[in-house]
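Written out below as structure tokens is the structure these notes cover.
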């Protein structure tokens, strides 16, 4: 039997809350579900329930002011994992949310099975990113660039071993260490070692910066060697 979780759904759309409740009740039987529809009450519930396993947070509900609400919630309840659930599908917003402390980002257009899988990954301690957005880089036309913000030079990419390139490619698709280990048929500890080496070689401080830098790289070009 699945373990019971305690989950807060913070969203001002009743129909969407009902949909998420249905996903949790069917995928995580026995879980306790709390609901709210604005940031202030979410903060109160988080303070009163430090045993929450997860907060599902809407970016656009009252009081949020976009990612500022996420920052406030993370400051108030730093030990409770927060995942953003939003209709937003811009890559920069997704990556910023992770940078500001979210452990995942689920788009409201996600199929039910994908939402269940995403929540399971997050409850297992992994970061979840929507791989279709990370891979295709959905951005508004005014913000689209040719990777000018954090480019990886060919020299840096060539400094990576073939296995490190394969790991980085899967990181850029939003895969967790566990998924990468499974897909490449290697141990998860080996993946972690590769990730550490990749961050060091690319001179970036965390996984999100590496993903942002590598999202437009044509890996097939470097894997030919």
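In the working numbering, the protein residues as written are 31 to 255. C-beta atoms are modelled at their ideal positions from N, C-alpha and C, and glycine is treated no differently. Note that the coordinates shown come from a computational prediction; the quantities given were computed from them, not determined experimentally.
*N- and C-terminal bounds of the beta strand (DSSP E) containing residue 135*: 134 to 137
_With three or more beta-carbon pairs closer than 8 Å as the criterion, would you say the segment 94 to 104 touches the segment 203 to 218?_
no
*Per the contact definition of three or more C-beta pairs closer than 8 Å, is the segment 137 to 149 in contact with the segment 180 to 189?*
no
_Terminal residues of the beta strand (DSSP E) in which residue 232 lies_ = Note, residue 232: premise wrong, no beta strand (DSSP E); alpha helix (DSSP H) at 218 to 232.
*the segment 190 to 204 touching the segment 237 to 246, judged by at least three CB pairs closer than 8 Å*: yes
*For the alpha helix (DSSP H) that residue 238 lies in, which residues bound it at each end?*
Residues 237 to 244.
_Tell me the residue span of the alpha helix (DSSP H) that contains residue 208._
207 to 214
*In the structure shown, what three-state DSSP assignment does residue 185 receive?*
helix
_Measuring only the C-alpha atoms, how far is residue 47 from residue 108?_
Per the coordinates, the alpha-carbon of residue 47 lies some 24 Å from the alpha-carbon of residue 108.
*Could you pull the start and end residues of the beta strand (DSSP E) that residue 146 belongs to?*
From DSSP, residue 146 is part of no beta strand (DSSP E) but of the alpha helix (DSSP H) over 142 to 153.
*CA-CA distance, residue 87 and residue 254?*
42 Å
_From 193, 79, 36, residue whose alpha carbon lies closest to that of residue 249_ = 193
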